[in-house]
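Chains as they are written, first to last, in our numbering: chain A, 10 to 122; chain B, 12 to 124.
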């Protein structure tokens with residue numbers, strides 16, 4: 010059974026700093042990995058999707074990396090801003106495509122102005 | 012751009028009542044997923060439909076049922092509601108059975124009193 014863990018559970022950093030969020034998964038036979046953002050009480054916004062054949066994806070100040078063999082992914086946020094404050098979740102699908110995503114436990118990020 | 016629509020956005024019910032949640036996928040999306048997110052929890056997959064047929068099933072209680080209609084919208088029916096059913100219920104949609112990244116709706120917040 011796939012288990013997805015995110016460390017730390019919560020993180021507070023001053024505005025402007027670069028930071029890294031971690032995601033670990035137990036079954037390396039994944040099709041892809043997604044990073045989502047969730048604001049309190051709100052829906053999920055997909056940030057980046059990395060296919061299993063890729064090592065990283067970039068979107069603006071965000072960079073996600075994937076190391077399938079070690080079962081790890083990182084989300085790097087450059088020059089953090091207060092608007093980045095949210096919970097960040099990684100998720101992997103059960104099989105081909107995106108059916109039955111297994112979500113990580115999430116990291117609650119607070120950017121201090 | 013059109014997004015996934017969920018209705019209602021908020022719902023308050025008493026124990027043992029029934030509730031129906033609706034999801035309208037993005038146009039031309041043929042796959043719908045339902046997730047349940049309890050307070051402080053990560054989203055848990057409930058069930059999915061592809062071309063109006065159930066395609067996968069997760070931890071959905073027997074008291075819940077769902078279907079996808081000819082216009083691709085989906086409904087989650089919940090009976091004999093329990094206090095523990097209070098959660099944020101997300102619907103997501105994708106095209107080609109998840110070959111593309113799913114888009115999540117804003118969620119329906121169900122409170123059972």
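Quick reminder that beta carbons are idealized off the backbone N, C-alpha and C, glycines included. The model shown is predicted, which means the values in this text are computed figures rather than measured ones.
Extent of the continuous beta strand (DSSP E) run through residue i
i	result
residue 18/B	16 to 18
residue 114/A	Counting along the chain, residue 114/A falls outside any beta strand (DSSP E), and DSSP gives it neither H nor E.
residue 33/B	30 to 35
residue 140/B	The displayed coordinates of chain B run from 12 to 124. Any statement about residue 140/B would go beyond what the structure contains.
residue 24/B	21 to 24
residue 11/A	Counting along the chain, residue 11/A falls outside any beta strand (DSSP E), and DSSP gives it neither H nor E.
Proximal residues of chain B, C-beta to C-beta of residue i below 8 angstroms
i	result
residue 98/A	53, 54
residue 43/A	112
Residue i: contacting residues in chain A (beta-carbon distance under 7 angstroms)
i	result
residue 101/B	52, 53
residue 116/B	52
Per-residue contacts from residue i into chain B (C-beta, under 7 angstroms)
i	result
residue 114/A	53
residue 58/A	112
Assumed close pair residue i, residue j - CB separation to whole angstroms, cut-off 8 angstroms
i	j	result
residue 121/A	residue 24/A	6 angstroms
residue 112/A	residue 80/A	That pair is no contact at about 16 angstroms.
residue 53/B	residue 98/A	6 angstroms
residue 34/B	residue 17/B	5 angstroms
Contained beta strand (DSSP E) runs [length at least 3] in the region 19 to 97 of chain A, N- to C-terminal order
19 to 23, 28 to 34, 41 to 47, 53 to 60, 65 to 68, 71 to 76, 81 to 86
For a minimum of 3 consecutive residues, which ranges assigned as the beta strand (DSSP E) are wholly contained in the region 51 to 116 of chain B?
55 to 61, 64 to 68, 75 to 79, 85 to 89, 98 to 105
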